[in-house]
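Numbering (the working numbering), first residue to last: 29 to 106.
Read the structure below first, then the notes.
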């Protein structure tokens, strides 16, 4: 789809879904690989409950971004 030389071809729902999944996977990989603490270089000590809350928050936030991106891509198609 992206390498097609004919610009008159429209983006389908499947293409939009695949692009969104690719984008989200790239974001997940980038976030997991490179978390840089700029102010405090000490390792934060979190309890097990805090770690679970942070993980849940990150997953919920990522899901919100994915959903928002899907809506925007689908609206751009129409």
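All residues carry an ideal CB built from backbone N, CA and C; glycine is no exception.
Fair warning: this is a prediction, and the values are worked out from it, not measured in the lab.
- Message: Within a Cβ cutoff of 8 Å, which residues of the same chain sit near residue 98, ignoring the five residues on either side of it in sequence?
- Response: By 1-based counting over the chain shown, the position of residue 98 is 70. Excluding positions up to five away in sequence, the list reads 44, 45, 48.
- Roughly how many angstroms lie between the CA atoms of residue 59 and residue 76, to the nearest whole one? To locate residue 59, count along the chain shown from 1; it is residue 31. To locate residue 76, count along the chain shown from 1; it is residue 48. Distance between the alpha carbons of residue 59 and residue 76 is about 21 Å.
- Message: Output needed for residue 100: all residues of its chain with C-beta closer than 8 Å, excluding positions within five of it in sequence on either side, in chain order.
- Response: To locate residue 100, count along the chain shown from 1; it is residue 72. There are no such residues.
- Query: What is the rounded straight-line gap between the Cα of residue 103 and the Cα of residue 95?
  - Reply: In the chain shown, counting from the first residue as 1, residue 103 sits at position 75. In the chain shown, counting from the first residue as 1, residue 95 sits at position 67. The C-alpha of residue 103 lies about 12 Å from the C-alpha of residue 95.
- If you compare alpha carbons, which of 72, 52, 42 is closest to residue 87? Against the chain shown, residue 87 aligns to sequence position 59. The option with the nearest alpha carbon to residue 87 is 52.
- Query: Mapping DSSP to helix, strand and coil, what is residue 39?
  - Reply: Locating residue 39 in the chain shown gives position 11, counting from the first residue. If DSSP states are grouped into helix, strand and coil, residue 39 belongs with coil.
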